[in-house]
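Visitor: Residue numbers (the working numbering): 46 to 348. For every residue, glycine included, the Cβ atom is placed at its ideal position computed from N, Cα and C. Treat the numbers as computed from the prediction; the structure is a model and nothing was measured.
1) In its own chain, which residues sit with a C-beta less than 6 Å from the C-beta of residue 132, not counting the 5 before and 5 after it?
2) Using only alpha-carbon positions, find the residue among 246, 125 and 98 that is nearest to residue 167.
3) Hey, how far is the Cα of residue 154 from the Cα of residue 291?
4) Which word fits residue 161, buried or exposed, when buried means at least 16 other C-beta atoms lie within 10 angstroms of its C-beta?
5) Taking the continuous alpha helix (DSSP H) assigned at residue 121, which residues delimit it?
6) Just how far apart, CA to CA, sit residue 110 and residue 179?
7) Assuming the contact rule is C-beta atoms closer than 8 Å, residue 79 and residue 312 should be a hit. Round their C-beta distance to whole Å, please.
8) Measure the C-alpha to C-alpha separation of residue 86 and residue 221 and round it to an integer number of angstroms.
9) Near residue 295, what residues of its chain come up, given a Cβ to Cβ distance below 6 Å and the 5 sequence neighbours on each side ignored?
10) Less than 8 Å between C-beta atoms, sequence neighbours within five positions excluded: which residues of the same chain meet that for residue 209?
11) Check this for me: beta carbons of residue 69 and residue 219, under 8 Å apart or not?
12) Can you check the segment 137–194 for any beta strand (DSSP E) of at least 3 residues that lies completely inside it and give the ranges in chain order?
13) Would DSSP call residue 305 helix, strand or coil?
14) Have a look at residue 216 and residue 89 and give me their C-alpha separation to the nearest angstrom.
15) Can you say whether residue 145 is buried or exposed, counting buried as having 16 or more other CB atoms within 10 angstroms of its CB?
Right under this line is the structure:
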C-alpha cells in the first residue's frame with residue numbers, strides 16, 4: 046500500500062514544482078533521459094537473468110503483445126477514419142497500448158495474490174511490456190514523429206536504444222544461465238528503484254488540469270481502451286475461449302487492466318507525440334484505474 050501512496054506523492058511533488066519559479070520548466074526532459082538511459086536498463090539487467098522459461102508463461106507474456114497489437118490497428122484505423130494527426134495517433138497507440146505492469150502492477154498484484162502472484166507479474170512485465178516498449182513502441186514512436194522514418198533510421202533507433210541493448214545482454218545471461226556479481230546486482234537494483242519517483246515527478250511537471258483542453262475526448266478514448274477494453278479482450282480469450290481459470294490467468298487479466306505505463310508516456314513525450322495528452326493519460330489514468338481494477342478483481346472471483 047505504501048508504494049501506491051508514494052506514487053501519488055511523487056506525482057503531486059512534480060505538480061508542486063511547476064509553481065517554484067526558480068525550478069527549470071523543461072527539467073522533465075533531463076529527468077526523462079536519465080530514466081530511459083539509466084534506470085530502465087538497470088531493471089532489465091537485474092530481473093531478466095532470473096527468469097525461468099515455461100510454455101504456460103505465454104499467457105503472461107502475451108498480455109502486452111496482444112494489447113499493444115490491437116491498440117496499433119484500432120487507433121491507426123480510427124486515426125485514418127477521423128483524420129487525426131500522426132502525433133495524436135502515435136500517442137494513443139503507445140500510451141493506451143502499454144500498461145503500468147511494474148510500478149503499479151507489482152505492488153497491486155503482491156497485495157492481491159501474494160508472492161506467487163508477484164513472480165507472475167514480473168513475467169508479464171519483463172518479457173512482455175519491457176520488450177514491446179524497447180522494440181515495437183520505439184518503432185511506432187519514430188514512425189509517428191517528425192523524425193526521419195527510413196528503415197535504416199528505425200533499425201538504428203531500436204538497436205541503439207539503451208534499454209534494448211541491455212535487454213539483449215540480459216537475455217544472453219539468461220540463456221547461458223549466468224547472473225551478474227552481487228555488487229552489480231545491488232547497483233542495478235538501486236538504480237532501477239529510482240525509476241518510479243523520477244518518472245512520476247516528470248509526469249507531474251508536465252501535468253496541467255485545463256478544463257478547456259482539446260485532449261479530453263481523446264483521453265477518455267485512450268483510457269477506455271486501456272482500462273476496460275484490453276482486460277475484456279484478455280478475459281474473453283483466456284477465460285471464455287481457452288477455458289483457463291488459474292491464478293496465472295487472474296494475474297494476467299489484472300495486469301492487463303493496469304493504468305497506462307509511465308515509461309510509455311515518457312517515450313511518447315520524448316518523440317514529441319502530444320506531451321500534454323501523454324501526461325494526462327498517466328495523471329488521470331492511475332487514480333481512475335483503482336476503480337476499474339476493483340471491478341475486474343470482483344469479476345475474476347467468479348471464474
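Guide: According to the structure shown:
1) 318 and 319
2) 98
3) 15 Å
4) exposed
5) 103–127
6) 12 Å
7) With 8 Å as the limit, residue 79 and residue 312 do not qualify as a contact, their Cβ atoms being about 14 Å apart.
8) 19 Å
9) 345
10) 179, 180, 183 and 203
11) no
12) none
13) strand
14) 9 Å
15) buried
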